[in-house]
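Some notes on the structure that comes next.
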Amino acid sequence: MRRPTADPAEAARTTPCCTKVGLKRGPWTPEEDELLANYIKKEGGGRWRTLPKRAGLLRCGKSCRLRWMNYLRPSVKRGQIAPDEEDLILRLHRLLGNRWSLIAGRIPGRTDNEIKNYWNTHLSKRLVSQGIDPRTHRPLNPNQLPSHLKASSSSSSKVNPGASTATIPNPNVKLAASSSSGQITAAGKENHYQTENQGVLRSNGEDDEDINNCNDDVFSSFLNSLINEDAFASQNPLQQLTNGIAQADALVSITASTFGLAQQDWNFNQNDHERVNGHLN
DNA sequence: AACCCGGACAACCGCAATTAA
DNA sequence: TTTAATTGCGGTTGTCCGGGT
Numbered sequence: 001m002r003r004p005t006a007d008p009a010e011a012a013r014t015t016p017c018c019t020k021v022g023l024k025r026g027p028w029t030p031e032e033d034e035l036l037a038n039y040i041k042k043e044g045g046g047r048w049r050t051l052p053k054r055a056g057l058l059r060c061g062k063s064c065r066l067r068w069m070n071y072l073r074p075s076v077k078r079g080q081i082a083p084d085e086e087d088l089i090l091r092l093h094r095l096l097g098n099r100w101s102l103i104a105g106r107i108p109g110r111t112d113n114e115i116k117n118y119w120n121t122h123l124s125k126r127l128v129s130q131g132i133d134p135r136t137h138r139p140l141n142p143n144q145l146p147s148h149l150k151a152s153s154s155s156s157s158k159v160n161p162g163a164s165t166a167t168i169p170n171p172n173v174k175l176a177a178s179s180s181s182g183q184i185t186a187a188g189k190e191n192h193y194q195t196e197n198q199g200v201l202r203s204n205g206e207d208d209e210d211i212n213n214c215n216d217d218v219f220s221s222f223l224n225s226l227i228n229e230d231a232f233a234s235q236n237p238l239q240q241l242t243n244g245i246a247q248a249d250a251l252v253s254i255t256a257s258t259f260g261l262a263q264q265d266w267n268f269n270q271n272d273h274e275r276v277n278g279h280l281n
């Protein structure tokens, strides 16, 4: 990464916007930040490919977008992740897996990159030290599971063997979930930056007519109900585990029906999970 | 003081999804 | 309907910096 692409063969393999000779790479200078921020304040974001030229920057569009999204946006909150934010990240990750943009969309002022970094450097390691698999949020050693949970783990195998793939087990669902709350639809792009992060568990601010808000509202409110359960936080780890399985079950069922996951796909994933569980046990 | 090591984070890459022509 | 361009996402890595030796 971040290596110069002087080699033509290498350059041919990489995306065009990053291979133009003379484009700057690496850390941004305050001057560049100012140029970019001022330009976007005046002209707005979007059209990233041509933005650098218009703004007088020697950067590729991707780099500009990333810098704006992760650092320069006024709504970006800097500083330590608060304990309640941390708790929210943990819960959302258990439900959504590595869907960083989805998670970030529900934590005001935090970016997907920031959450991803925080997860990889702090939370993931902490879970491992507690004997919990950070991918599945289950005990690393299956023997730590009480017998009744071991038995139910196969019957509830529609819950993820790994949250990252099983809570929303199908690419179709990823699409549905993304368009509902994480990714920005074309129609929603215009006001995305102004209105996003207006509240926890609110979608990113698309106009109600912009997207299929039926799905959005259902997904959002359902997720909301899951992660806001006060009872959840006060439960002991075993109860949390049990509850988590039940919740994930419910999430998967609702997600599948609400977001149009084909039944055959769903069955496939169930089988898939059982196969994985079989390997685990 | 110099060096090494590891943690934290910013930035890049490749790919997939979406949009426009 | 097809194709090209653009955008967004997640995984990965380079760089910086502080602490330890």
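Start counting the first sequence at 1; every next residue gets the next number (UniProt numbering).
Glycine is no exception: its CB is placed at the ideal position from the N, C-alpha and C atoms.
All values reported here derive from a predicted model rather than from experimental measurement.
Look up Ile-81 in the DSSP assignment and say whether it is helix, strand or coil. Taking the first residue of the first sequence as 1, we reach residue 81 at position 81. Looking at Ile-81 - three-state DSSP - the assignment turns out to be coil, as it is neither helix nor strand.
Out of curiosity, what's the CA-to-CA distance linking Ser-101 and Asp-84? Taking the first residue of the first sequence as position 1, residue 101 is located at position 101. Taking the first residue of the first sequence as position 1, residue 84 is located at position 84. Rounded to whole angstroms, Ser-101 to Asp-84 spans 18 Å at the Cα level.
Apply the 10 Å Cβ neighbour rule to His-93 and answer buried if 16 or more other Cβ atoms are within range, or exposed otherwise. By one-based count along the first sequence, residue 93 stands at place 93. His-93 comes out buried.
Taking the beta carbon of His-122 as the centre, do at least 16 other beta carbons fall within 10 Å, making it buried, or is it exposed? On the first sequence, position 122 is the one that residue 122 refers to. Exposed, because fewer than 16 other Cβ atoms sit within 10 Å of the Cβ of His-122.
Could you tell me whether the segment 44-61 touches the segment 98-118, where touching means 3 or more Cβ pairs closer than 8 Å? no
Backbone secondary structure at Ile-89 - three-state DSSP: Here residue 89 is taken as the residue at index 89 of the first sequence, counted from 1. Of the three classes helix, strand and coil, the one that applies to Ile-89 here is helix, per DSSP.
Who are Ile-132's beta bridge partners in DSSP? The count along the first sequence starts at 1 and reaches residue 132 at position 132. Note: Ile-132 sits in a beta bridge opposite Pro-139.
Whole-angstrom Cβ separation of Glu-43 and Asn-70, contact assumed at under 8 Å? Locating residue 43 in the first sequence gives position 43, where the first residue counts as 1. Locating residue 70 in the first sequence gives position 70, where the first residue counts as 1. 20 Å between Cβ atoms; not a contact.
Is it buried or exposed for Leu-140, if we count other Cβ within 10 angstroms and need 16 for buried? The count along the first sequence starts at 1 and reaches residue 140 at position 140. It counts as exposed.
If Val-76 and Gly-46 are in contact, beta carbons under 8 Å, what's the gap, nearest whole angstrom? Within the first sequence, the letter at position 76 stands for residue 76. Within the first sequence, the letter at position 46 stands for residue 46. The pair is not a contact, with the Cβ atoms about 18 Å apart (cut-off 8 Å).
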